[in-house]
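Asker:
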Amino acid sequence: MGQSTKTAYILLGSNLGNRFNYIQQAINEIEQTCGNIILSSSVYETEAWGVSANPPYLNQVIAIQTLFKPEALMQTLLNIEEKLGRVRTQRYADRTIDIDILLIDNLVLTTPILIVPHPAMAERKFVLVPLQEIAPQLTHPVTQISITQMLQQCNDKLKVEKFLNHP
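Quick note: the sequence shown uses this note's numbering, first residue 1, plus one each step.
1) Alpha carbons only, please: which of 68, 128, 164, 79 is nearest the one belonging to residue 147?
2) So, helix, strand or coil for residue 169, using DSSP?
3) Counting Cβ pairs, one atom from each stretch, are 3 or more of them under 8 Å apart for the stretch 114-123 and the stretch 93-105?
4) Would you kindly report the start and end of the unbroken beta strand (DSSP E) that includes residue 163?
5) What span of residues does the alpha helix (DSSP H) with residue 76 cover, start to end?
6) Just how far apart, CA to CA, sit residue 144 and residue 41?
7) Leaving out five residues before and five after residue 56 in sequence, what residues of the same chain have Cβ atoms less than 7 Å from its Cβ?
8) Should residue 83 be labelled buried (16 or more other beta-carbon atoms within 10 Å of its own) or exposed?
9) Using the Cα positions of residue 73 and residue 24, report the straight-line distance between them to the nearest angstrom.
10) Using the C-alpha atoms, what's the distance from residue 78 back to residue 71?
11) Would residue 9 and residue 53 qualify as a contact pair, given that the criterion is a beta-carbon distance under 8 Å?
12) Please look up how many angstroms separate the CB atoms of residue 133 and residue 156, rounded, as I've assumed it's under 8 Å.
13) In this structure, how does DSSP classify residue 29 when only helix, strand and coil are distinguished?
This is the structure we're talking about:
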């Protein structure tokens with residue numbers, strides 16, 4: 001029996017250097033190594049989370065179809081971050097690229113390298129706004145709340161503005 005494809009929703013973010021270019025490079029790497037991109041949101045400019053003095057981020061959510069097991073997908077994404085110059089210092093530090101797995105189908109998983117669904121997604125507009133653009137009816141596998149409902153209930157006050165419409 002062959003492996004089945006899974007749909008993974010992935011958040012990309014950058015707030016250093018040519019932010020748009022880093023997101024594009026990450027998308028190209030993901031497509032070459034992880035699977036086909038089936039959906040991609042517009043690019044949004046968002047205030048930095050955690051440290052308001054940090055430069056603003058560009059964020060985009062993509063959905064891919066992948067054969068990778070979840071931990072292998074996460075490890076591949078971490079390798080892409082490293083290749084694009086991501087240096088992990090303290091939490092909320094500026095970064096060339098940040099790649100997070102938000103959801104993988106209806107999977108609920110906690111391992112040392114990966115927690116799915118992403119534990120903080122419901123509190124962050126910079127995650128929910130682009131995700132809602134491409135998958136408004138998607139439901140959280142634990143709470144069973146749709147992305148649209150999550151966004152309506154989200155108390156995050158940080159600004160999330162469209163930077164570039166979906167290509």
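Idealized CB from N, CA, C, for every residue including glycine.
Answerer: Working from what's here:
1) Between residue 147 and the set 68, 128, 164, 79, the nearest pair of CA atoms involves 128.
2) Outside the modelled stretch of the chain, which goes from 1 to 167, sits residue 169, for which no answer is possible.
3) A contact exists between the stretch 114-123 and the stretch 93-105.
4) In the DSSP assignment, residue 163 falls within the unbroken beta strand (DSSP E) covering 160-164.
5) Element bounds for residue 76: 70-83.
6) Approximately 22 Å, taken between the alpha carbons.
7) Same-chain partners within the cutoff: 15, 45, 46, 47, 48.
8) Label assigned to residue 83: exposed.
9) Those two C-alpha atoms are separated by around 18 Å.
10) Roughly 10 Å between the two C-alpha positions.
11) No, the Cβ-Cβ distance between residue 9 and residue 53 is not below 8 Å.
12) Not really, about 16 Å apart at Cβ, beyond 8 Å.
13) The answer is helix: DSSP assigns residue 29 an H, G or I state.
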